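>
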Amino acid sequence: MPSITRQPFRTAVLVLVWGWLLFLVLAPNLLVVGASVMTRDPGTFISLPLNLDAYRQLFDPLYLEVFLHSLYMAAMTTLVCLLIGYPFAWALSKLGKQRQLLLIFLLIVPFWTNSLVRTYALKMLLATNGLINSSLMGLGWIDEPLQMLYTEGAVIIGLVYLLLPFMILPLYSVFDDLRQELLLASHDLGAGRFATFIHVIVPLTLPGVLAGVMLVLLPAMGLFFVPDILGGSRNLLVGNVIKNQFLDARNWPFGAAASIVLTITMAILMLAHRLSKQRIGEEGA
Amino acid sequence: MKKLALAGLLAVGLTGCSSEEPKVLNLYNWSEYMPQEVLTRFEEETGIQVVYTTYDSNEAMYAKLKLLDDSAAYDLAVPSTYYVSKMRQEDLLLPIDRSKIEGFDKLDPELVNLDIDPDNKFSIPYLWGTTGLAVDTDDVEGEPVTAWADLWDERFEGRVMLTNDMREVFHVGLRVLGYSGNSTDPQQIEEAYEKLTELMPSVRTFNSDAPRVPYLEGETDVGMIWNGEAVMAEETMPSLEYVYPEEGIIAWLDSFVIPKNAKNPEAAHQFISFVLQPEISALISEEIGYATPNLAAREMLPDDVANNRASYPTPEDMTNAEFQVDIGDEALQVYAKYWEMLKSGR
Amino acid sequence: MTRWLPRAYLVLVYLLLYIPIGVLVVFSFNDSRSGYTWGGLSLRWYQSLFNNNAMVEAMWNSLWLALSAATVSTVIGALTALALHRYRFRGKKVLNGMLFVVMMSPEIVLAISLLALFLLVGIQLGYVSLLLAHVTFCLPFVVITVMARLSGFDESLPEAARDLGASDFTMTRTVLIPVIMPALLAGWLLGFTLSLDDVVVSTFVSGPSYEILPLRIYSMVRVGLKPEVNALGTLLLVFSLVMLMLSQWILTRSKR
């Protein structure tokens, strides 16, 4: 290889980069795939023979319920984020440029703050003796404290709180690109506000919606510390199941299989995102 | 020649470093299970720094020890009875050198040389305790709560707390059905699961990090608690009562063990001896409310501690009490499956 | 006529985002033991925070880890970005794809895959495993930041350097590095924050010999309300605010 002698720097860089990614990205992922088709072993974690038991267990109706419940909570989280984030991003994109930048900055400040600490702050608010209850009771709106902490709702609130910026940012970027002429054209062609929204705005912002969904839905299935703190170790997420399999129950094949299902979900979402972007690209051209 | 000299220098430097390194004892223990004062006094007395890491279930402790098997991470852990025998049988423990332990003879003869570890070759009892009912008498009206079965009462909907401990929760389910809390029969375990699912709408939270906290926070009124936690809560919340359920209390013994690849077994031995001093054992029991197996320490306890029925039950309290035993990996898997289903259900 | 409505909505959402943080900060100065009632101004929780040896040690460990993870990932990330930008090589798409996978895959998947690797290869769980894991999940963010900078960069400069006889290394050092410097700093700060905040991956790949702050906070928070956590949270907030402003400042200044 003449290039080695000619370009030692290039070779060194490529070897380092490839080495790192192969060793710490490719190899571990292959290991997980491998582990998912092996047999649980109480001593060494995994052993031969190869089989698909872990996947079968995953689709056992009993476990399926766990997954569907987790998916339901993640979906609710995503929906709430979308409902809050969509008008938010729209309203944001209509402001002056300078103000937009400041508000975006304010949006990512919480994201840079420790997420555990923020979850804990929510706990202080939601507790029976917490600030929300004591304020509402102080105002005389309720007599009995509301039970908010350790409920499914608390988990969803926690997830929304942590993940909202990830929905808003991609939405904001599509609204920012939304060309005013298109809206005017739609208006000129006689479309009402609602028709313009359905036929022009929604399709054009779809890639942003999908990107946001992708960025929210997947973490919303994995952030195991949220149910631990706000859900009273109930209302588990797929992340909790995976963590338990690895750190408590020691059923690695099952945990690995569960995480592969997560990865596949991600792949499907990414594909959808890509397709929608391509479609928009064609239409826009 | 130059290289050799360099290597020699390096070797000297390295050994020099290692001898100067401060001695460290990695202690892996339940959360809130050792008063800070004991650690501080041990550090002052021996110069060994204690790194205190916590877990909230035997399963988590065991899994972590297995993970860290070769890296010699922990020098001392405190598993419950049934995990002592499991770990001993799986050859995960280092034998304890009795000649380095002082004060073993002061331990309650009833709590040594048990089936889980004949002749205490691998374990030294630390504390024993019970898991019973906690009742917030301020908020619970009507019939007094006297049995595990009372938790199923409709009036407690959304007010019940369970420990985040698979074996203990199933123990309750099994006892309510009249089975042994150590059942290995998949049929019985499933029945217990069915029974517990009926309780789930009432269950507000699972907590094994500090089971007293949901009661103190006002989130729950009734449910399971460890006796020591009940004692710790007495001061701030006098209305929280510890009740011995009619079906029988859950009893357990936690022992010091030294994991096989401990880096500093010497310090581990020192620490065990330190804790076995009657004065220290008494201090621990007084501070965190669990019962010490150290008879010499029990004599030193102030009356209000020694006569506290939560910490030191009377023989009548222990009627129907059942000690947790090892149930084998197969049964554990059955439990684990239903446990996850239980917790993820609504 | 409807202009106030969107604005009111924006304000409302910002309030919801900031109220919990505000409460946290206010209550960190609360003298009362209970986390719910106000007992007057006090710095006692800051004091007890710094008197807690284990906490202070975890803090130093975390800082050191974040510092080293950010530095290593910046170096490797910058080199990766340069390689992707300048060189043609086989498997470029695969490399890109792997970076994308790291960035998009759920943290928990990354966590267990790294745990499996470390156990198989026999890397002790502790500082080294944490460092490798943190560098890995910071890497794509650095690459993206640097790539963005490089894409707007005039290609004639490196060409000129090459024509003048500079070696690849010299050219990178004297021409490219100064150009991407702001991106490097921003990437470093991002990596630093990501590392300091990580709970999910660290839960899996840490060992007892090296306890870090997020895990310490995690065990504290699970035990119940601890006013020390408010104080710690406030400190972390101030800290990341400074970091964020620094990175924004660097980025905007470099654009001019």
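Residue numbers (our numbering), protein chains in the order written: chain D, 1 to 285; chain Z, 1 to 346; chain B, 1 to 256. Ideal Cβ positions, reconstructed from N, Cα and C, are used throughout, including at glycine. Computed from a predicted model, the values in this text were never measured in an experiment.
Within 7 Å (strictly less), CB to CB, does Ser276/D reach chain B?
No, Ser276/D lies away from the interface with chain B (no Cβ there is under 7 Å from its Cβ).
> Is Trp128/Z near Pro293/Z, with beta carbons less than 7 Å apart?
Cβ atoms of Trp128/Z and Pro293/Z: closer than 7 Å.
> Between Lys66/Z and Pro95/Z, is the Cβ-Cβ spacing less than 7 Å?
It is not a contact, given that the beta carbons lie outside the stated cut-off.
> DSSP beta-bridge partners for Gln49/Z?
DSSP, once it has assigned bridges, lists Val24/Z as partnering Gln49/Z.
> Can you list, in chain order, the residues of the region 142-158 of chain B whose Cβ is nearer than 7 Å to any Cβ on chain Z?
Under the 7 Å Cβ criterion, the region 142-158 of chain B contributes no residue.
> Less than 7 Å between C-beta atoms, sequence neighbours within five positions excluded: which residues of the same chain meet that for Leu176/B?
Leu82 and Pro158, listed in sequence order.
> Using a Cβ-Cβ cut-off of 7 Å, state whether Val247/D counts as contacting chain Z.
The question names Val, but residue 247/D is Leu in the sequence shown. Output row for Leu247/D: interface = yes.
> DSSP three-state call for Val222/Z: helix, strand or coil?
Of the three classes helix, strand and coil, the one that applies to Val222/Z here is strand, per DSSP.
> Check whether the region 251-264 of chain Z and the region 144-154 of chain Z are in contact - that is, three or more C-beta pairs closer than 8 Å.
At 8 Å Cβ cutoff, the stretches do not touch.
> Any beta-carbon of chain B closer than 7 Å to the one on Trp141/D?
Chain B, which has no Cβ nearer than 7 Å to the Cβ of Trp141/D, makes this no.
> Can you list, in chain order, the residues of its chain with a C-beta nearer than 6 Å to that of His171/Z? Leave out the 5 residues immediately preceding and following it.
Here the set comprises Gly181 and Ile250.
> Report the three-state DSSP secondary structure of Val135/Z (helix, strand or coil).
Strand.
> With a cut-off of 8 Å, do at least 3 Cβ pairs link the region 155-167 of chain D to the region 216-225 of chain D?
With the cut-off at 8 Å, the region 155-167 of chain D and the region 216-225 of chain D touch.
> In chain D, what lies closer than 9 Å to Thr53/Z by C-beta?
The contacting residues do not exist; Thr53/Z stays about 14 Å from chain D at best.
> Given that a residue counts as buried once 16 or more other Cβ atoms are within 10 Å of its Cβ, and exposed if not, what is Tyr218/B?
Burial call: buried.
> Can the beta-carbon of Val145/Z be found closer than 7 Å to that of Val203/Z?
Not a contact, by the Cβ cut-off of 7 Å.
> Could you please give the first and the last residue of the uninterrupted beta strand (DSSP E) stretch that includes Val243/Z?
From DSSP, the beta strand (DSSP E) with Val243/Z extends over Leu240 to Val243.
> Quick check on this structure: which residue in Gly231/D, Val200/D, Ser173/D and Ala154/D has the alpha carbon closest to the alpha carbon of Ser186/D?
Looking at the Cα atoms, Val200/D is the closest of the given residues.
> So, are the CB atoms of Trp277/D and Pro170/D less than 7 Å apart?
The sequence given here places Lys at residue 277/D; Trp does not occur at that position. Going by C-beta atoms, Lys277/D is not nearer than 7 Å to Pro170/D.
> Jot down the residue ranges of each uninterrupted beta strand (DSSP E) in the region 139-183 of chain Z, minimum 3 residues, whole runs only, in chain order.
Qualifying beta strand (DSSP E) stretches, in chain order: 160-162.
> With distances taken between CB atoms, is the gap from Gly103/Z to Leu283/Z smaller than 7 Å?
Contact flag unset, no.
> Return the CA-CA distance between Val179/B and Ser240/B, expressed in angstroms with no decimal places.
Their Cα atoms are separated by approximately 26 Å.
> Quick check: the Cα distance between Ser156/B and Thr145/B, rounded to an integer number of angstroms?
Roughly 22 Å separates the two Cα atoms.
> At the 7 Å Cβ level, is Asp31/B part of the contact set with chain D, yes or no?
Answer no: the Cβ-Cβ gap between Asp31/B and chain D never drops below 7 Å.
> Whole angstroms are fine: how far does the CA of Met243/B sit from the CA of Asn244/D?
Cα to Cα, the separation comes out at about 35 Å.
> So, under 8 Å CB-CB, Met61/Z and Pro35/Z are touching, yes? Tell me the CB distance rounded to an integer number of Å.
Incorrect: roughly 20 Å between the Cβ atoms, too far for contact.
> Roughly how far, in whole angstroms, is the beta-carbon of Pro106/B from the beta-carbon of Asn114/D, given that I think they are within contact range, below 8 Å?
So it is not a contact: roughly 19 Å between Cβ atoms.
> With a cut-off of 7 Å, does the C-beta of Arg279/D fall near any C-beta of chain Z?
So no, Arg279/D is outside the interface.
> Please state if the CB of Cys81/D and the CB of Met167/D are separated by a distance shorter than 7 Å.
Cβ atoms of Met167/D and Cys81/D: closer than 7 Å.
> In terms of DSSP beta bridges, what is Leu107/Z paired with?
Note: Leu107/Z sits in a beta bridge opposite Asn294/Z.
> Quick one: which unbroken beta strand (DSSP E) runs of 3-plus residues sit fully inside the region 2-44 of chain D? Chain order, please.
The qualifying runs are 39-41.
> Alpha carbon to alpha carbon, what distance is there between Gly223/Z and Asn251/D?
Going by the C-alpha atoms only, they are around 30 Å apart.
> How many Å lie between Leu116/D and Phe225/D at the Cα?
Going by the C-alpha atoms only, they are around 8 Å apart.
> Beta carbon of Tyr215/Z, beta carbon of Leu196/Z: below 7 Å?
Taking 7 Å as the Cβ cut-off, Tyr215/Z and Leu196/Z do not qualify as a contacting pair.
> May I have the straight-line CA-CA distance separating Val56/B from Phe204/B, to the nearest angstrom?
Cα to Cα, the separation comes out at about 22 Å.
> For the alpha helix (DSSP H) containing Trp4/B, name the first residue and the last one.
Element bounds for Trp4/B: Trp4 to Ser28.
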